[in-house]
Structure formats: structure tokens, C-alpha cells
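Just so it is clear: in the sequence shown, position 56 is 56 by UniProt numbering, and no numbers are missing. Right, one structure below, let's go through it.
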Amino acid sequence: MSERSDGGSIEDTTEDWIASAVQGTPQRQLAGEVRLLPGERMGWWSVQKLDKRVRMRTLVNGAVNDSRIRILLDTGANVSVISEKYAKRLRLRDIPGHGRCIEVQGITKGKTATTRRASVKVTLGWERIYVFDVWIMDHNAGVDVVLGTDFMIPAGIRLYLFNATAKLPDEVMIPLIKTLNMIDEAEGSHVPSGPTEVLQIPGREWKEFRLPRRNPPWDTHVLWVRRTETFIPTVTRFKRGTPDRVRLTNIINRLASCPIHLPIVVWVPTGSLPKTEGYVQLDSAKYTEWQVLAYAAVRDKTLFEWEAQLYEEWLATQPPAVERRQYPTPTGVLCHPDDDSKEACD
């Protein structure tokens, strides 16, 4: 698309028109499995442009067709490839008759061309599966799967190297592996906390533990909490606007032990993200969902005692399960006949 300026020259405005069209397109609702569309921009990339001068590469744990594997996210690669050996192990089927060929350099020795292309399911995070078409070719990237910007931009994946995480459009964070940012100085401002003693919590019950008195200021840090397969945390009391107590609810039917100093909560500087996955804020929808699960799993002692009392009262008014005949209680003294006593003496 082009237009004529006042000076009579023709200026190309295709890029500006595409940028405005992308920003004006409403974001579609993401389901558990998403088919990535060519040219689509989701999440952070819907309003941002790719700076090709900055290249970021990192490894994350993921899965391809439900097979766990390490995946290289590379903003310097504009195509996504899978090695031929790994494609053979997954038994991927080539897309027939697509009529496309591509030449790749940078991750191979010289230039390499391929026409093989397959559709795969890429899993990142806990709840999202991306259906995407990748190229099949051997490369020297050090891993079997390389995802470039043709995948990251439509999927809305942003590399947040300061906190060593990759961020998805729905605020799900994926921890990075093998990065130098794991030992940076910013770690000192992240303050984790947990119970100061081992908590033995019976099934369907809860116990509380007190948070440290000296915590980071509430105006500079944000509290994040995380759950486990057994325990769900609930911030139950605040003191002067600062969280003071946390309740741990055991949602299984057997006794469970919470180890000492388990990082259930962490104070993170405002504007930063936790360095490990699974943490949510207190005002998030995920935290509210956890509270519903904890409320449904726990047993209220007062309500349980009241129900037991009502059951005993109801049981006392019910007839017996087996009919019992009433017999008169004997009150006289029974004596043996005289004849029997004489024979016994003889």
C-alpha cells in the first residue's frame, strides 16, 4: 500500500499500516491447545516490534508431542527447526505438497536447504499447548529443537533474562536453565519465607505459621505465594498492612509433613518476577481458585461436631434395627424340689 505526498513523491506506508492493523486487532481467547497462525502477534509482541540488533538465546524445559526435551529459544533465528534424528524418533509425518523450500545458515555449517516440514505440538508451561509447523533438518545448535521468532512472536513469548524467565501471554512464567542470571545480584532482593518448624498436618486439616517480623517494605516489594501438590497457602492475617500469618491446608486424605523453611512465600521487588515457577500474587485469579480448593477440602471442626451431635440425636429417636421382646424381670426366690435334694444327698 502506498500514497502520494505533497511533494509528488510516493512513500511506502505498508509497514505503518500493518503495525496499526495489528494493534487494532482484538486478542483471541486462548484455550488449552492453540493453533498458531502465520503473521499473528499475541501478548507483548502485539504492540512491540522485534529489534534484530539484540539477540537473546536461552534454554527452557518443554515438550514436543508429549516428549520432554530441552528447547532453545533464539530471537536471532527467524525459523524453527527440529533435527532429523529427533523427528524420526517422534515419527513425525511430513506435510505433503506444501511446495516450499528454505535455506538456513548460522546454525549449520554453511548453508543448508530443506523442504521437509511437519506439524508438532509444543508444550511450554503447565497449561498451554501450541500447534505449530516446523522445518526438519540437521543443525549444530546443540539441542534437537530450536524455536525462532516465527514461533515466539505468534505465541507471545517474551524472554525476561533479568529474572531468568520466559513469559507467556497469560502471565505464566517458565524458568530458564543454564543462564548466568541465576547468580546475579538481584537475587539478594528476593526474600523467601516458610515455616520455621516441621508441620505435621493431618488429612483435610490445616495449620498456620507466622511470617518473620522483619520483612521487606510493603511499598517496595510484592508478596507472591505458591502451592504444592499437598498444601495450599492462605494469607489469613495482616498486621499494619503486612502479611503476618499463612495457613497451610492439607488437601489429601492422609497425614502430610511440611519441611522446615519450605519457600511457600517470597517477597519480590515491585516490577520484577519470582525466579522460580508456580508463584502467584494475592490478587490473581489463580490464588482465588486455590482458596476455593482449600475451602472444599478442609473440614470445619465446629461444623463437624455440630453434625455429629445432630446425628446422635436423630439416631436416638429411631426404632431399633432388630425387634426386641420385653420380658418381665423375675423378683421371687426359686427353690429346688425336696425330692431332688434328697436324691442328691444319697
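C-beta: ideal position from N, C-alpha, C; glycine also. Since the model is a prediction, treat every value here as computed from it, not as a measurement.
Candidates the options: closest to residue i by CA position
i	options	result
Val191	Leu199, Arg214, Leu50 and Thr302	Arg214
Val60	Leu159, Val268, Thr112 and Val120	Leu159
Val120	Gly110, Thr112 and Asp133	Asp133
Cys258	Phe209, Gly39 and Asn140	Phe209
Leu36	Gln318, Ile153, Asp138 and Thr58	Ile153
Ala296	Thr236, Met56 and Ile252	Ile252
Ser193	Thr112, Leu223, Pro217 and Leu168	Leu223
Arg70	Thr123, Glu33, Lys239 and Lys88	Thr123
Leu50	Lys286, Ile157 and Leu310	Ile157
Ala155	Met137, Arg128 and Gly142	Arg128
Ala87	His98, Arg100 and Asn65	Asn65
Ala166	Gly332, Glu312 and Gly62	Gly62
residue 348	Thr329, Leu168, Pro320 and Gln326	Because the chain is modelled from 1 through 346, residue 348 falls outside the range shown and cannot be assessed.
Ser34	Arg324, Thr331, Tyr130 and Arg55	According to the sequence displayed, residue 34 carries Val and not Ser. For the residues Arg324, Thr331, Tyr130 and Arg55, the minimum Cα distance to Val34 belongs to Tyr130.
Met137	Pro96, Arg100, Leu303 and Lys85	Lys85
Delimiting residues of the beta strand (DSSP E) encompassing residue i
i	result
Lys239	Phe231 to Lys239
Glu33	Glu33 to Arg35
Gln200	Leu199 to Ile201
Glu277	Note, Glu277: premise wrong, no beta strand (DSSP E); not H, not E.
Cys321	In the sequence as presented, Cys is not what sits at residue 321; that position holds Ala. No beta strand (DSSP E) holds Ala321; DSSP gives it neither H nor E.
Trp267	Val265 to Pro269
Ser193	Val191 to Ser193
Leu248	Thr242 to Asn250
Cys335	Premise fails: Cys335 is in no beta strand (DSSP E) and is neither H nor E.
Ala256	Ala256 to Cys258
Where the alpha helix (DSSP H) containing residue i begins and where it ends
i	result
Leu303	Lys301 to Ala316
Lys286	Ala285 to Ala297
Asp150	Thr149 to Ala155
Lys85	Glu84 to Leu90
Beta-bridge pairing of residue i - partner residues as DSSP gives them
i	result
Val79	None, per the DSSP bridge assignment.
Arg227	Paired residue(s): none; Arg227 is not in a bridge.
Pro212	Beta-bridge pairing links Pro212 to no other residue.
Tyr130	Val34 and Val122
Ala113	Glu103
Val146	Leu72 and Val81
His221	Pro269
Gln281	Trp224
Trp45	In DSSP, Trp45 forms no bridge with anything.
Asp94	Ala118
Close-in-space but distant-in-sequence residues of the same chain around residue i (CB under 7 Å, 5 per side omitted)
i	result
residue 347	The requested residue 347 does not occur in the structure, where the chain is confined to residues 1 to 346.
Ser67	Leu90
Glu197	Ile260
Thr270	Thr220, His221 and Val222
Pro243	Leu211, Leu223 and Val235
Phe238	Asp244
Ser189	Pro269
Pro96	none
8 Å Cβ shell around residue i - same chain, five flanking residues per side excluded
i	result
Pro337	none
Trp135	Val79, Ser80, Val81, Ile82, Ile102, Val104, Thr114, Arg116 and Arg117
Glu187	Model confidence at Glu187 stands at a pLDDT of 41, short of 50, so the residue's coordinates are unreliable; what they give is reported in the following sentence. Counting only Cβ-Cβ distances below 8 Å, and skipping sequence neighbours, we find Lys275.
Arg57	Leu72, Leu73, Asp74, Thr75 and Gly76
Leu199	Lys207, Phe209, Leu248, Ser257 and Cys258
Ala308	none
Same chain, Cβ closer than 6 Å to residue i, neighbours up to 5 away in sequence not counted
i	result
Arg226	Gly278 and Tyr279
Arg254	Gly203
Leu262	Gly194
His98	Arg117
Pro216	Val191 and Trp267
residue 377	Since the first residue of the chain shown is 1 and the last is 346, residue 377 is not available in this structure.
Neighbour flag for residue i against chain C, beta carbons, 9 Å
i	result
Tyr130	No chain C appears in this structure, which consists of one protein chain only.
Touching by the beta-carbon criterion (3+ pairs, under 8 Å), the stretch 90-107 and the stretch 147-160: They do not touch, by the three-pair rule.
Contact the stretch 260-279 vs the stretch 287-297: 3+ CB pairs below 8 Å: no
Stretch-stretch touch, CB-based, cutoff 8 Å, three pairs: the stretch 269-276 with the stretch 228-236: no
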